[in-house]
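All remarks here apply to the structure that follows.
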Amino acid sequence: MIIAIDGPAASGKGTLGKRLAHHYHFRHLDTGVIYRAVAQAMLDAGAELTDEAQAVAAALELDPEKFGNPVLKTQAVGEAASVVSAFPRVREALLTFQRQFAAEPPGAVLDGRDIGTVICPDADVKIFVVADPVVRARRRALEMRTRGEAADEAMVLADILKRDERDKNRATAPLKAAADAHVLDNSHLDIEAGVKAAIAIVEAAKIRRRGA
Ligand code: DC
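Numbering follows the working numbering, in which position 9 of the sequence shown is assigned residue number 4; successive positions increment by one, without gaps.
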């Protein structure tokens, strides 16, 4: 079984993905980390983020061993990832890795922006997580402070809105809900309630599949 979870930055999709994978004993891939790792490789090399050829090279040399690097979680790297992820050839270079991950047993949860639309259009369940940008900014700022990063909520909100615009309006694989995705509004749910709602969506999909 493949579960696709898409949504904007700081919508809570990452936590939901991790928790769903744990619940079903599936493997989990936070695909944002892949784009963040490409962006970090560019920053390490001192490359311009707008250098498409270099970004493609970084994507082809991607080292999953580095996905755990805490620097990838920072706001600055997220912003850089949003820039490099708009290059179609970068996305293409990362496609096979994501599809292979999804195909391996016993099942997988992938979270990102284009999982239900491009990477796994045949996913068994698709969830599109949305949340009020102000709530997302508050949660993201809290998360940053917990990590010891300074966080100004208004600046985080501005960054979130800018990133939403870029991720939604890019020509290739923009952030959008697949036609058959279930929209989960996470604005007023705490983590446990969000996980419960996501599990209910998966269970309903399983019942429908059995009946089909
Ligand atoms: O989910 P995140 O904040 O870790 O993602 C960082 C950036 O990577 C995001 O702004 C856009 C890009 N991204 C993408 O284009 N496609 C994905 N499947 C995941 C992330």
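Heads up, the beta-carbon is just placed ideally off N, CA and C, and yes, glycines get one too.
None of the values given here were measured: they were computed from a predicted structure.
query: Buried or exposed: which applies to T10, given that a residue is buried once 16 or more other Cβ atoms fall within 10 Å of its Cβ?; result: buried
query: Which residues bound the beta strand (DSSP E) around F123?; result: V120 to V125
query: Tell me the residue span of the beta strand (DSSP E) that contains L105.; result: A103 to G107
query: Out of F96, T112, S182 and V33, state which residue places its alpha-carbon closest to the alpha-carbon of K171.; result: T112
query: A36 and A53: beta carbons closer than 8 Å?; result: yes
query: Along the chain, where does the alpha helix (DSSP H) that runs through V178 open and close?; result: Element bounds for V178: not the alpha helix (DSSP H) but the beta strand (DSSP E), H177 to D180.
query: Quick one: give me the first and last residue of the beta strand (DSSP E) that D25 is part of.; result: R22 to D25
query: Tell me whether A76 counts as near the ligand DC, meaning its Cβ is closer than 7 Å to at least one heavy atom of that ligand.; result: yes
query: Considering only their Cβ atoms, is the gap separating R86 from A168 smaller than 8 Å?; result: yes
query: Measuring CA to CA, which of D127, V151 and A126 is closest to E138?; result: V151
query: Our contact map puts H18 next to I194 with C-beta atoms below 8 Å; I'd like the distance itself, whole angstroms only.; result: 6 Å
query: Where does D1 sit, in a helix, a strand or coil, going by DSSP?; result: strand
query: Does any heavy atom of the ligand DC sit closer than 7 Å to the C-beta of Y30?; result: yes
query: State the start and end residues of the unbroken alpha helix (DSSP H) segment that holds D159.; result: E148 to N164
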